[in-house]
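Numbering (the numbering used here), first residue to last: 46 to 190.
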């Protein structure tokens, strides 16, 4: 049975670095990857809200579409590198969802980034999501600087 790596990405520029690192590691240890995108539950752009009213869509539809696009991009990257991958989308608190998915999947490793969509994460020593995952995980966590 091969190892299972959970890779949490947020769609930031740093996600590419995280996915490339995960792909290299997966190939070395013959592991498969699950890409996780956690959609926030706040901050839908005003332009979408107007469109959503006309089309009768919810805020979650916006985030589902964004998540699907991000996951498809990086799933394609992993496929091109010859790495087996599945995708998961969750909504809500990123750190909590990463930990829940890792436990449910019985992941051997969690990979997260130190930089994310909020930009200042690296300045604060460890990003808030990465820090909470590290502090609360029973699974080994690799952070990608």
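Quick reminder that beta carbons are idealized off the backbone N, C-alpha and C, glycines included.
Note that the coordinates shown come from a computational prediction; the quantities given were computed from them, not determined experimentally.
*Close beta carbons around residue 190, own chain, < 7 Å, minus the five adjacent residues each side*: 159
*Go through its chain and collect everything with a Cβ distance to residue 123's Cβ below 7 Å, but skip five positions before and after it.*
So the qualifying residues of the chain are 64, 68, 78, 130.
*Since residue 140 contacts residue 177 with CB under 8 Å, what's their CB separation in whole angstroms?*
4 Å
*Could you check which residue in 144, 61, 114, 75 has the C-alpha nearest to that of residue 132?*
114
*Where does the unbroken beta strand (DSSP E) through residue 77 begin, and where does it stop?*
Segment 77-84, the beta strand (DSSP E) holding residue 77.
*Which residues in the same chain have their Cβ closer than 8 Å to the Cβ of residue 138, if we skip the five residues on either side of it in sequence?*
Setting aside the 5 residues that flank it on each side, residue 138 is surrounded in the same chain by 83, each with a C-beta closer than 8 Å to its C-beta; the list follows chain order.
*Is any beta-carbon of chain C found at less than 7 Å from that of residue 51?*
Within the model displayed, chain C is absent; a lone protein chain is all it includes.
*Nearest-angstrom beta carbon gap, residue 184 and residue 154 [assumed within contact, 8 Å]*: Contact holds; Cβ gap of about 7 Å.
*Between the C-alpha atoms of residue 60 and residue 54, what's the straight-line distance to the nearest angstrom?*
Taking the straight line from one Cα to the other gives about 5 Å.
*Are residue 80 and residue 116 close, meaning C-beta to C-beta below 7 Å?*
yes
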